[in-house]
Amino acid sequence: MKGYKITNCAQDKRVGIVGSSMNDIFIKGCQKLKMDSTHVTMLLLDGTIIDDEDYFQTLPAQTLIMFRLDGEPFQTANPIVLAVL
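Numbering-wise (this note's numbering), the sequence shown opens with residue 4 and increments by one.
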C-alpha cells in the first residue's frame, strides 16, 4: 500500500489516502471528494490520464492525483510554472 494526495480540478481540496491499486484509489478518491465515479477521470497535474494499472503502479508514494469531472476545465502545471517565471 502507498499513500497518495488527491485533489479536485479547482485544487481547493487536498486529501491524503492510502491504497494498493488504481481502482482502490479511484473509489476512495471519489468518496472523499464526493464525486460521482461514473463521470471522473484521474490525472496527474501535467494532464497525463491515469487509466492503466501497470502505469499507476510506477507512481511514487505521495504523488498528487487530480480527480476531474467530465467536461470540467483544468490548467496543467506547465502554464502555472511559466506564469511564475
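Positions of the beta carbon are idealized from the N, C-alpha and C atoms, including for glycine. The structure displayed is predicted, hence computed values, not measured ones.
- [ ] Compute the Euclidean distance between the alpha carbons of L47 and I68, then round it to the nearest angstrom.
- [x] C-alpha separation (whole angstroms): 5 Å.
TODO: Tell me whether M45 is buried or exposed, calling it buried when 16 or more other Cβ atoms sit within 10 Å of its Cβ.
DONE: Under this definition M45 is a buried residue.
TODO: Under 6 Å Cβ to Cβ from I53, same chain only, skipping five residues before and after it: list those, please.
DONE: Contacts found: M45, F59.
TODO: Pick out the complete alpha helix (DSSP H) segments inside the stretch 7-45, 4 residues or longer, and give them in chain order.
DONE: Taking only runs of at least 4 residues, the alpha helix (DSSP H) segments lying wholly in the stretch 7-45 are 25-36.
Task: Paired residues, beta bridge with F77 - DSSP - done: Looking at the DSSP output, F77 sits in no beta bridge, so it has no partner there.
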